[in-house]
Amino acid sequence: MSTTNTKTVSLILGSGGARGLAHIGVVHWLEENNFKIKSIVGCSIGAVIGGIYAAGKLDVYEQWVRSLTKVDIVTLLDLSWEKGGLVRGEKLINTLIGLVGEKLIEDLPIAFTAVATDLKGQKEVWIRSGSLFDAMRASFAIPLFFTPFKYKGVDLVDGGILNPVPIAPTSGDETDMTIAVNLNGPAGSPIEPVDVSAASQSPSSPFREKLNRFISRLQPSQQPSMPSSGNRDWGGYEIVTQAFEAMQSTIARQKLAAYPPDIVIDIPRSACKTLEFYRAAELIALGYRKAEMCDFAPSAGRR
Numbered sequence: 000m001s002t003t004n005t006k007t008v009s010l011i012l013g014s015g016g017a018r019g020l021a022h023i024g025v026v027h028w029l030e031e032n033n034f035k036i037k038s039i040v041g042c043s044i045g046a047v048i049g050g051i052y053a054a055g056k057l058d059v060y061e062q063w064v065r066s067l068t069k070v071d072i073v074t075l076l077d078l079s080w081e082k083g084g085l086v087r088g089e090k091l092i093n094t095l096i097g098l099v100g101e102k103l104i105e106d107l108p109i110a111f112t113a114v115a116t117d118l119k120g121q122k123e124v125w126i127r128s129g130s131l132f133d134a135m136r137a138s139f140a141i142p143l144f145f146t147p148f149k150y151k152g153v154d155l156v157d158g159g160i161l162n163p164v165p166i167a168p169t170s171g172d173e174t175d176m177t178i179a180v181n182l183n184g185p186a187g188s189p190i191e192p193v194d195v196s197a198a199s200q201s202p203s204s205p206f207r208e209k210l211n212r213f214i215s216r217l218q219p220s221q222q223p224s225m226p227s228s229g230n231r232d233w234g235g236y237e238i239v240t241q242a243f244e245a246m247q248s249t250i251a252r253q254k255l256a257a258y259p260p261d262i263v264i265d266i267p268r269s270a271c272k273t274l275e276f277y278r279a280a281e282l283i284a285l286g287y288r289k290a291e292m293c294d295f296a297p298s299a300g301r302r
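Taking numbering that gives the first Met the number 0, the leading residue of the sequence shown gets 0, the next gets one more, and so forth.
Okay, here's the thing in structure tokens:
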């Protein structure tokens, strides 16, 4: 345990698509208020942001994600013609590697665990070594959307299927407190709009030009065109998405009851839709406000 005013933290970052950008705001608030993150467990988008933070590159990722537009989101989705999912995810992972660089989990300065699901074995898989980006790709493989990721001969999918708020991996941590960010909190009022007309949003900004050049290099020479909304009925997928989120909300409540952390930061499940990553400024601000509203007074906790 720490002996100074700085409190050491085991941070759990849950699954929930674009709502996970709120994780960035939570991290900022903790850093500004004398908390030292010594351990991170992430699931799905939580694995992505937690892994990038552990690699010391969250500022780079944040600048990138704040610059994304709806068009960029579509450009990053490499369609798959396999039966396992709509999107391969290779273009997204290659973009993140270009921003962060290849990393091994065991070399990170912060302990990191990514949680995925072994569907055949019907069990969680905790990834604590090897390629950081392989761990991320396995953890965010949302069923039907992303194709499964083969890891050590096993097909893995999104960790949120079995554990959208994976607290158990922190049980052996020697930290002052455990903080869990649950992206499947009770539905609330729509989040406040944020002015995103900064230079980073300008089509002519140097960062956007660099981003566009990098994405262009990832484009294959021939790529099937994205089907228009008039040619595809997305109603079925929307139903599946809502069913998946309802399942995650129920499991999250059960996991939080079984492994109660010291602090839970709830992000409303109604904050945004799964792929609304172009709303980064609003969601980061939401995460910061939700952390600010929590009562961090000392308590008995579970340790």
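Cβ atoms here follow ideal geometry from the backbone N, Cα and C, with glycine treated the same way.
The structure presented is a predicted model; accordingly, all values stated were derived computationally and were not measured.
Counting only C-beta atoms, is residue i closer than 9 angstroms to chain D at any point?
i, result
"Ile72", "This model lacks chain D altogether; it includes just one protein chain."
Only counting the same chain, and skipping five residues up and downstream in sequence, which positions put a Cβ closer than 6 angstroms to that of residue i?
i, result
"Ile126", "Ala113, Ala134"
"Ala251", "Pro163, Val164, Asn181, Asn183"
"Thr177", "Ser9, Thr169, Pro260, Asp261"
"Thr68", "Tyr277"
Following the continuous beta strand (DSSP E) through residue i, name the residue where it begins and the one where it ends.
i, result
"Asp106", "Where Asp106 is concerned, there is no enclosing beta strand (DSSP E), given that its DSSP letter is neither H nor E."
"Tyr150", "148-150"
"Ser170", "Ser170 -> no beta strand (DSSP E), and no H or E assigned at all."
"Asp117", "110-117"
"Phe145", "143-145"
So the candidates are the options; which of them puts its Cα closest to the Cα of residue i?
i, options, result
"Leu29", "Gly15, Ser9, Gly41, Ala17", "Ser9"
"Gly100", "Lys119, Ser138, Ile109, Gly55", "Gly55"
"Lys6", "Thr240, Thr174, Ser248", "Thr174"
"Gln62", "Ser38, Leu95, Val124, Thr74", "Leu95"
"Cys271", "Ala186, Thr249, Gln247", "Ala186"
"Ser66", "Asp294, Tyr277, Arg288", "Tyr277"
"Phe132", "Pro142, Ser43, Ser79", "Ser43"
"Arg288", "Ile11, Val25, Leu20", "Val25"
"Leu20", "Asp265, Gln247, Lys151, Val64", "Val64"
How many angstroms separate the CA atom of residue i from the CA atom of residue j?
i, j, result
"Ile84", "Asp58", "Note that residue 84 is Gly in the sequence shown here, rather than Ile. Those two C-alpha atoms are separated by around 31 angstroms."
"Arg87", "Ser170", "34 angstroms"
"Gly15", "Glu31", "25 angstroms"
"Gly158", "Lys122", "9 angstroms"
"Ser138", "Val70", "25 angstroms"
"Ile141", "Met292", "31 angstroms"
"Lys37", "His22", "16 angstroms"
"Thr273", "Ala17", "5 angstroms"
Output yes or no for whether 9 angstroms exceeds the beta carbon distance between residue i and residue j.
i, j, result
"Leu107", "Gly50", "yes"
"Gly41", "Phe148", "no"
"Asp117", "Val153", "yes"
"Gly45", "Gly97", "no"
"Val239", "Leu161", "no"
"Ile11", "Tyr52", "no"
If you drop the 5 nearest sequence neighbours on each side, which residues of the same chain put their C-beta closer than 7 angstroms to that of residue i?
i, result
"Leu129", "Checking the sequence shown, residue 129 turns out to be Gly, not Leu. For Gly129, where only same-chain residues beyond five positions count, the Cβ hits under 7 angstroms are Leu103, Ile104."
"Val193", "Model confidence at Val193 stands at a pLDDT of 48, short of 50, so the residue's coordinates are unreliable and nothing is read from them."
"Glu89", "Asp77"
"Thr249", "none"
"Phe303", "There is no way to answer for residue 303, as the model of the chain reaches only from 0 to 302."
In the DSSP assignment, the alpha helix (DSSP H) including residue i goes from what residue to what residue?
i, result
"Tyr52", "44-53"
Whose C-beta lies closer than 8 angstroms to the C-beta of residue i among residues of the same chain, with five residues either side of it excluded?
i, result
"Leu335", "There is no way to answer for residue 335, as the model of the chain reaches only from 0 to 302."
"Asn33", "Asn4, Thr5, Lys6"
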